[in-house]
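Only one structure is covered here, and it is reproduced in the block below.
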Amino acid sequence: MAAPNFLSVDVASAEPEAGAPAPDRLISGDPKFRTWNVEERDGGLYAGIWESTPGKWRIVYDEWEFCHILS
1166 MAAPNFLSVD VASAEPEAGA PAPDRLISGD PKFRTWNVEE RDGGLYAGIW ESTPGKWRIV
1226 YDEWEFCHIL S
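Numbering (the numbering used here), first residue to last: 1166 to 1236.
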């Protein structure tokens, strides 16, 4: 049987991490965010849920990221 294309992410047991952009990256607003990280076995799934208040800031990633905006 082939592996599923999508996996369910259960964040019920994850504690959210609070954060905010570094002051030198802030462009506008006073954004605050919370992240519920879910990590599976080494080299496997790394996923989670991220929420933020309005704001604008510069960001640099050194990895590929997919996000789906809910609202």
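The beta carbon of each residue, even a glycine, is placed where N, CA and C say it ideally should be.
Check: Exposure label - P1186; buried when at least 16 CB within 10 Å; Outcome: buried
Check: Member of G1184, A1179, E1182 and L1191 whose CA lies at the smallest distance from the CA of I1224; Outcome: L1191
Check: Nearest-angstrom beta carbon gap, P1196 and P1219 [assumed within contact, 8 angstroms]; Outcome: 7 angstroms
Check: Residue(s) in a DSSP beta bridge with R1199; Outcome: A1183 and E1216
Check: Sub-8 angstroms separation of D1213 and W1229 beta-carbons; Outcome: Correcting the residue identity first, residue 1213 is Gly in this sequence and not Asp. No; because the gap between Cβ atoms is not below 8 angstroms, this pair is not in contact.
Check: 7 angstroms CB neighbourhood of K1221 in its chain, flanking five on each side removed; Outcome: I1192, S1193 and G1194
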